[in-house]
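Notes to accompany the following structure.
Residue numbers (this note's numbering): 20 to 415.
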């Protein structure tokens, strides 16, 4: 096939991400619904989602170190088997406390898997091409936030909770067949084993933490991750508890958001520039408007439109941050680890804080509460652009 010529490596990453994304998206969809079946409150649902971020946080930096030492392939295998086993185990949980504990380990497995795959992609990014970087991120979004909600919505109506979790775990193991398939480069590439020196690793992490490009991308990834998680979690609670609609409607809203994000990431890669501040500004303004609608409207059609626009906003942010991180020089496992640190922080703070706000002031207030963050980001970008413009004028 002509489309595969010269694109074998990126298509392999896409297939792995699609399958993994479907598994993760199905789990993300079912967890709030499963928690509601256990009579969980909004605070408890937020904690259940947020505590997986604690698992992320516990291993995010060691994960980068292990990937650089053991190699992406081995770490991916370990994390995928561990993650699949945990998904099956969740289906046997009958109380909130045990579910909270298991979600910590679920977060750990997810971070090991994501870091190993991201590190391998970053190593091959120059070969693949920056303009195709969006394909990688887009395929994960396509699996987790587009295909998974649609498939999950159908599965919810057709099979039991245990069957649902078993199906999700199968999708997580499917990439083994893709990795084992013959190809050049990618996650099958040979490992150059390195000595682990704690002092050297610490110094390297400290040096990377001072990189302004990595720091800004990580902060924005954290905020984007927080909003991604509160939407995926509390749109379900809003639709089922507050609006009295079905889980299928909630799944479709998540799919709308995911579809918009998927299209944005795949189609807007050509818009990337060395300075993407205007794209950031545009995405922040979109986020403000959509969070306002989600926080005030009870009209399902308006909420659906807001879901689509939020996907566009989130997709633009993901596209820019991923391109920024992919162009940073250094050991890719550690870079991917620091970048994942941002998403982990957002995954903890977003749902946990959201759940507390939801119980105190109502679910829709959760969306309103995140508007000031994007207002601050938009003002920062606007002022920075103005300062740069004044400096260039002064130099002229």
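The C-beta atom is built at its ideal place from N, Cα and C for all residues, glycine as well.
Annotated three-state conformation of residue 183 is helix, per DSSP. For residue 378, the secondary structure class from DSSP, reduced to helix, strand or coil, is helix.
By the Cβ rule, the segment 186-198 counts as touching the segment 29-45, because three or more pairs are nearer than 8 Å.
In the displayed model, residue 287 falls within coil according to three-state DSSP, outside both helix and strand. Straight across, the Cα-Cα distance linking residue 32 with residue 141 is about 11 Å. Three or more beta-carbon pairs separated by less than 8 Å link the segment 329-339 to the segment 155-162, which places the two stretches in contact.
The residue among 97, 117, 89 and 328 with its C-alpha nearest the C-alpha of residue 59 is 117. Note on geometry: alpha-carbon atoms of residue 317 and residue 128 lie some 37 Å from one another. In the three-state reduction of the DSSP assignment, residue 317 falls in the coil class.
Taking residue 98 as reference, the option from 314, 124 and 110 with the minimal CA-CA separation is 124. Measuring C-alpha to C-alpha distances from residue 360 to each of 253, 169, 297 and 72 identifies 72 as the nearest. Residue 327 sits close to residue 279, with the two beta carbons spaced by under 8 Å. Residue state for residue 178 is assigned as coil, using DSSP reduced to three classes. With a cutoff of 8 Å on beta-carbon distance, residue 169 and residue 274 are scored as near each other.
Taking the C-beta atoms as reference points, residue 242 is found nearer than 8 Å to residue 392. Contact holds between the segment 61-78 and the segment 252-272, because three or more Cβ pairs, one in each stretch, are under 8 Å apart.
Residue 298 and residue 245 have their C-alpha atoms some 20 Å from each other. Straight across, the Cα-Cα distance linking residue 34 with residue 382 is about 36 Å.
Just measuring C-alpha positions, the residue of 394, 375 and 338 sitting nearest residue 253 is 375.
Within the segment 57-83, there are no complete alpha helix (DSSP H) runs of at least 4 residues. Residue 114 counts as exposed, since fewer than 16 other C-beta atoms from the protein chains shown sit within 10 angstroms of its C-beta. In the structure shown, residue 281 falls within a helical segment according to DSSP collapsed to helix, strand and coil. Taking each of 388, 136, 342 and 340 in turn and checking the Cα distance to residue 249, the smallest one comes out for 388.
Membership of residue 246 in the alpha helix (DSSP H) is indicated by the continuous run 231-256. Counting along the chain, residue 119 sits inside the alpha helix (DSSP H) bounded by residues 115-142. The alpha carbon of residue 42 has as its nearest neighbour, out of 75, 93, 100 and 69, the alpha carbon of 100.
DSSP places residue 163 outside any alpha helix (DSSP H), giving it a letter other than H or E.
Contact check for residue 303 against residue 390 fails: the beta carbons are separated by 8 Å or more.
Looking from the CA of residue 50, the closest CA among 122, 397, 373 and 104 belongs to 122. With respect to the C-alpha of residue 308, the residue from 394, 54 and 320 having the closest C-alpha is 394. Residue nearest to residue 233 within the set 357, 329, 321 and 172 is 357 (criterion: CA-CA distance). Burial state of residue 84 is buried, judged by a 10 Å Cβ sphere holding 16 or more other Cβ atoms. By the 16-neighbour rule on beta-carbons within 10 angstroms, residue 173 is exposed. Setting aside the 5 residues that flank it on each side, residue 187 is surrounded in the same chain by 42, 45, 46 and 106, each with a C-beta closer than 7 Å to its C-beta; the list follows chain order.
With distances taken between CA atoms, residue 112 lies nearest to 67 out of 171, 380, 384 and 67. Under the 10 Å beta carbon count, residue 272 is surrounded by 16 or more other beta carbons and is classified as buried.
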